[in-house]
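There are 2 protein chains.
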Amino acid sequence: QSLVAENNRYADDNRQFFKKNDITAVHLVSSPGSGKTTLLMSTLNRLQADHALAVIAADQDSEQDSKRIAQTGISVKQINTGQYCHLNAKMVHHALKQLPVAEDGFVFIEDVGNLVVPEVFDLGESYRVLVWSITEGEDKPIKYPAMFEKADLIFLNKIDLLPHLNFNSEKCLNYLREINPKAAVLTGSAATQEGMCEWVNWLEKMASKSK
Amino acid sequence: QSLVAENNRYADDNRQFFKKNDITAVHLVSSPGSGKTTLLMSTLNRLQADHALAVIAADQDSEQDSKRIAQTGISVKQINTGQYCHLNAKMVHHALKQLPVAEDGFVFIEDVGNLVVPEVFDLGESYRVLVWSITEGEDKPIKYPAMFEKADLIFLNKIDLLPHLNFNSEKCLNYLREINPKAAVLTGSAATQEGMCEWVNWLEKMASKSK
Ligand SMILES: Nc1nc2c(ncn2[C@@H]2O[C@H](COP(=O)(O)OP(=O)(O)OP(=O)(O)O)[C@@H](O)[C@H]2O)c(=O)[nH]1
Ligand SMILES: Nc1nc2c(ncn2[C@@H]2O[C@H](COP(=O)(O)OP(=O)(O)OP(=O)(O)O)[C@@H](O)[C@H]2O)c(=O)[nH]1
Ligand SMILES: [Mg+2]
Ligand SMILES: [Mg+2]
Ligand SMILES: [Zn+2]
Ligand SMILES: [Zn+2]
Chain A
1 QSLVAENNRY ADDNRQFFKK NDITAVHLVS SPGSGKTTLL MSTLNRLQAD HALAVIAADQ
61 DSEQDSKRIA QTGISVKQIN TGQYCHLNAK MVHHALKQLP VAEDGFVFIE DVGNLVVPEV
121 FDLGESYRVL VWSITEGEDK PIKYPAMFEK ADLIFLNKID LLPHLNFNSE KCLNYLREIN
181 PKAAVLTGSA ATQEGMCEWV NWLEKMASKS K
Chain B
212 QSLVAENNRY ADDNRQFFKK NDITAVHLVS SPGSGKTTLL MSTLNRLQAD HALAVIAADQ
272 DSEQDSKRIA QTGISVKQIN TGQYCHLNAK MVHHALKQLP VAEDGFVFIE DVGNLVVPEV
332 FDLGESYRVL VWSITEGEDK PIKYPAMFEK ADLIFLNKID LLPHLNFNSE KCLNYLREIN
392 PKAAVLTGSA ATQEGMCEWV NWLEKMASKS K
């Protein structure tokens, strides 16, 4: 409980920092390999002409994702969470100090691939986006309700594979609505770019909201 | 640390129970939706003519997997781990008391979909099998070294999707060997049944080993 209290102090601090600098902070969560980094790279490429961007990339171990993201030329800070199964606000606080965070832009935070958290930690982000790959099956919302409840948007990814799977889209949306009736839902493919326009539009709409 | 000590007392107890009854206990782990339940159902159908079988199915929430497994007619006990992100030996200990565990058979334990564990808990199992879906990408072993290190066998699943993915099989095996040079590796598809014969052969070989 005191872990949560300490986390929330840092979260409030992060949230103040983002607000003061007009930054839209987007926290990406998902299972391992659902497509967060692929989606992020495509997103950064589309936003960089018009917006200041920075990324915090987290994994239990390795520098894989920060190396990939660095290819876009965007500033990225890698965090290895080690024993911790997800980011906390203190880690984000320290990472922000090591990034060139410019006013009026986006900070993207890619969390460790993990849907199981004992407690959903506030990082101080503006929005929480859950990337859900259709390859994982329709019932994930009811198996991991805490993570699905807290999402502002669900990006249903890898729809290019739909023809080759037994995926029931109706069941999928029913399970989702059972757990989170209010989340925005976008369907797409980070690989083929399907749905990317709607996704970037949503991001820009959210960014302008906070102005 | 005392959590681990308490766990290991129950794990030793479980291990004794399995040994005394000539039971081969197989612990299945993976990311969410990699195919554990689908693989398990096919496995149960193939083993049930010759072996006593029982299943422990775990998820944070819901009865989804135990309902599916029950369709095979095999006895199954559902555990909801709630706040805990994976099974522990105490939960398994209690579940075993509620299952008709017959001598000289298999107990399959499907864990919560999760590759991130602060500590890899011993359940008292005979073997640990990691189901890794090729849809998750090649670099999972170096991102989740603890889980990959502890696997006795890696079942590389969903290879029916290989033609539709950018999956580099060589990279995949290199990353795996970096983390776990000794694990057995089988490739297959729980959906199309490819690789199922080799998988069942491995299980029967492991079962006869402990006799
Ligand atoms: N077919 C298909 N594959 C995709 C798509 N998006 C990502 N992938 C593939 O899925 C695998 C994992 O993608 P990543 O972007 O690394 O996923 P991630 O969520 O960042 O993974 P972690 O950070 O390790 O949890 C890679 O092999 C990608 O090429 C998609 O829309 N369609
Ligand atoms: N294409 C393909 N799909 C598969 C394969 N195995 C499982 N699936 C699909 O993958 C999805 C998840 O399968 P499950 O067996 O429920 O996976 P799981 O690991 O038990 O999932 P959780 O218990 O929720 O973590 C389902 O839609 C399955 O039909 C496979 O070999 N190929
Ligand atoms: Mg990633
Ligand atoms: Mg399952
Ligand atoms: Zn713009
Ligand atoms: Zn047999």
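Those sequence lines, one after another, are chains A and B.
Read in order, the letters of the first sequence correspond to residues 1 to 211 in this note's numbering.
Read in order, the letters of the second sequence correspond to residues 212 to 422 in this note's numbering.
All residues carry an ideal CB built from backbone N, CA and C; glycine is no exception.
Indicate, with yes or no, if ligand 2 has a heavy atom lying under 7 angstroms from the CB of residue i.
i                     : result
residue 189 (chain A) : no
residue 136 (chain A) : yes
residue 167 (chain A) : yes
residue 308 (chain B) : no
residue 113 (chain A) : no
residue 195 (chain A) : no
residue 253 (chain B) : no
residue 293 (chain B) : no
residue 342 (chain B) : yes
residue 12 (chain A)  : no
For residue i and chain A, any beta-carbon pair shorter than 8 angstroms?
i                     : result
residue 311 (chain B) : no
residue 400 (chain B) : no
residue 372 (chain B) : yes
residue 238 (chain B) : no
residue 375 (chain B) : yes
residue 213 (chain B) : no
Is residue i near ligand 4, judged by its Cβ being under 7 angstroms from some heavy atom?
i                     : result
residue 274 (chain B) : no
residue 278 (chain B) : no
residue 247 (chain B) : yes
Please determine whether the Cβ atom of residue i lies at a distance below 7 angstroms from any heavy atom of ligand 1.
i                     : result
residue 371 (chain B) : no
residue 352 (chain B) : no
residue 157 (chain A) : yes
residue 241 (chain B) : no
residue 327 (chain B) : no
residue 33 (chain A)  : yes
Check whether the Cβ atoms of residue i and residue j lie closer than 8 angstroms to each other.
i                     : j                     : result
residue 156 (chain A) : residue 184 (chain A) : no
residue 177 (chain A) : residue 29 (chain A)  : no
residue 271 (chain B) : residue 144 (chain A) : yes
residue 319 (chain B) : residue 251 (chain B) : yes
residue 410 (chain B) : residue 254 (chain B) : yes
residue 93 (chain A)  : residue 13 (chain A)  : yes
residue 359 (chain B) : residue 341 (chain B) : yes
residue 55 (chain A)  : residue 81 (chain A)  : no
residue 336 (chain B) : residue 242 (chain B) : no
Is residue i a contact residue of ligand 3, with contact defined as CB to any heavy atom under 7 angstroms?
i                     : result
residue 110 (chain A) : yes
Does any C-beta atom of chain B lie closer than 8 angstroms to the C-beta of residue i?
i                    : result
residue 33 (chain A) : yes
Checklist entry - Along the stretch 48 to 78 of chain A, what residues have a CB closer than 9 angstroms to any CB found in chain B? => result 59, 60, 61, 62, 64, 65
Checklist entry - Residues in the stretch 315 to 336 of chain B with C-beta within 9 angstroms of chain A's C-beta atoms, listed in sequence order? => result 323, 324, 325, 326, 327, 328, 329, 330
Checklist entry - Quick one: complete alpha helix (DSSP H) runs, 4+ long, within the stretch 91 to 161 of chain A? => result 140 to 143, 145 to 149
Checklist entry - Looking at chain B, which residues of the stretch 125 to 144 of chain A have a Cβ within less than 9 angstroms of any of its Cβ atoms? => result 133, 135, 136, 137, 139, 140, 142, 143, 144
Checklist entry - Which runs of the beta strand (DSSP E), 3 residues or longer, sit entirely within the stretch 264 to 300 of chain B? => result 286 to 291
Checklist entry - Mind listing which residues of the stretch 76 to 97 of chain A have their C-beta closer than 9 angstroms to chain B's C-betas, in chain order? => result 81, 82, 83, 84, 85, 86
Checklist entry - In chain order, which beta strand (DSSP E) runs of at least 3 residues are fully inside the stretch 224 to 259 of chain B? => result 235 to 241
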